[in-house]
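Position one of the sequence shown corresponds to residue 4 (the numbering used here), numbered consecutively onward. Notes follow the structure.
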Amino acid sequence: MSHNRTETKDRFPLLRKILKAIGLPDEAIDDIVERILDWLSTKDQPASPAEFPFKLRDDFLSNAEISFCQVLRGVVGDRAVLCPKVNLGDLFFVATGDHRKNRALANRVDRKHVDFLLCEPKTMRPVLGIELDDKSHDRSDRQARDQLVEAVFHAARLPLVRFAVKSAYAPAEMESQVMPHFQSQLSAATLPNGPALPISPPSDSTPACPKCGSKMILRTAKSGPNAGGQFWGCSNFPRCRSVLPLEPDQARK
Ligand SMILES: [Zn+2]
């Protein structure tokens with residue numbers, strides 16, 4: 004459901020004043036008012052196909068992205084699964100221990116996506132992000148977006164490579180930039196929780212997750228060879244699946 008700007012502009016003048024007073028830009032205020040209007044209007048109306056005038060976009064991928072995609076698929080073959088346009092919110096999560104900070108940081112990557120993601124075929128574990136840089140990457144707003152995306156990948160330790168848009172790509176060059184990431188990933192995957200990280204020494208208190216730093220929670224294995232046994236699992240499960248063994252003196256009944 005969409006509301007035209009005039010309608011949006013006239014609604015909730017007091018709320019608008021308050022949002023303005025706390026320093027929100029007009030665009031953000033319009034967005035909030037539109038969300039409220041959408042929410043109110045869907046409450047008392049039955050959903051019918053006429054209210055969902057969605058159409059399939061013809062520009063899901065640009066021609067440049069399609070031709071790059073075809074060469075890349077030829078290069079990786081069965082060794083990787085190629086996902087185009089992956090939302091960063093589906094790929095990363097924020098773990099600061101502070102909900103407001105988490106939300107603010109998550110909002111910064113909301114509605115941003117990476118052009119391509121290569122995953123390990125068996126587990127679909129993300130291995131490599133790929134950005135296809137066209138002329139728009141010279142614009143300053145695009146550069147700020149690129150820097151943010153790069154910082155997120157770097158922080159989460161997921162490699163990201165960039166290719167410039169060309170009329171033709173050399174498969175051998177693409178192979179040399181992409182496939183080494185899969186080889187290094189194989190050796191890292193042999194470790195139970197990925198690359199080794201410093202683990203804080205065990206204490207009486209709850210340990211921190213070695214991957215994301217969040218608190219661990221004492222859990223009981225429901226199945227498998229250790230069924231009934233206790234272990235530490237990350238409180239961000241399932242987004243973070245880190246586990247730690249329970250020291251014998253930490254067992255609780
Ligand atoms: Zn964790």
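Ideal placement from N, C-alpha and C gives every residue a C-beta, glycine not left out. No experiment lies behind these values; they were computed from the predicted model shown.
query, result
"Count the CB pairs spanning the region 12-25 and the region 33-46 that are closer than 8 Å, and state whether there are at least three.", "yes"
"In terms of DSSP beta bridges, what is Thr223 paired with?", "Gln233"
"Quick one: residues with CB closer than 6 Å to any heavy atom of ligand 1, in chain order, please.", "Cys212, Lys214, Cys215, Ser217, Cys237, Asn239, Cys243 and Ser245"
"Could you round the C-beta distance between Pro123 and Ala83 to whole angstroms and report it? I think they count as a contact, below 8 Å.", "The amino acid at residue 123 is misidentified as Pro; the sequence shows Glu. Correct: roughly 7 Å between the Cβ atoms."
"Tell me the DSSP secondary structure of Lys169 in three-state form.", "coil"
"Could you say which of Pro228, Ser51, Trp235 and Leu161 lies nearest to Ser208 if we only look at CA atoms?", "Trp235"
"My understanding is that Val117 touches Val152, with C-beta atoms under 8 Å, so please give their C-beta distance in whole angstroms.", "7 Å"
"Give every residue of the same chain whose Cβ lies closer than 8 Å to the Cβ of Gly216, excluding the five residues on either side of it in the sequence, and list them in chain order.", "Ala98 and Gly100"
"In angstroms with no decimal places, state the Cα-to-Cα distance between Leu18 and Ile32.", "9 Å"
"On the three-state DSSP scale, how would you describe Lys218?", "strand"
"Along the chain, where does the alpha helix (DSSP H) containing His157 start, and where does it finish?", "Ser143 to Ala159"
"So, Ser245 versus Lys214, is the Cβ gap smaller than 8 Å?", "yes"
"Identify whether Lys125 lies in helix, strand or coil by the three-state DSSP scheme.", "coil"
"For a test of the three-state rule: what should DSSP assign to Leu64, helix, strand or coil?", "coil"
"Among the candidates Lys218, Asp137 and Leu163, whose CA atom is the shortest distance from the CA of Lys169?", "Asp137"
"Report all residues from its chain with a CB closer than 8 Å to the CB of Lys104; omit the five preceding and five following residues, and keep chain order.", "Val97"
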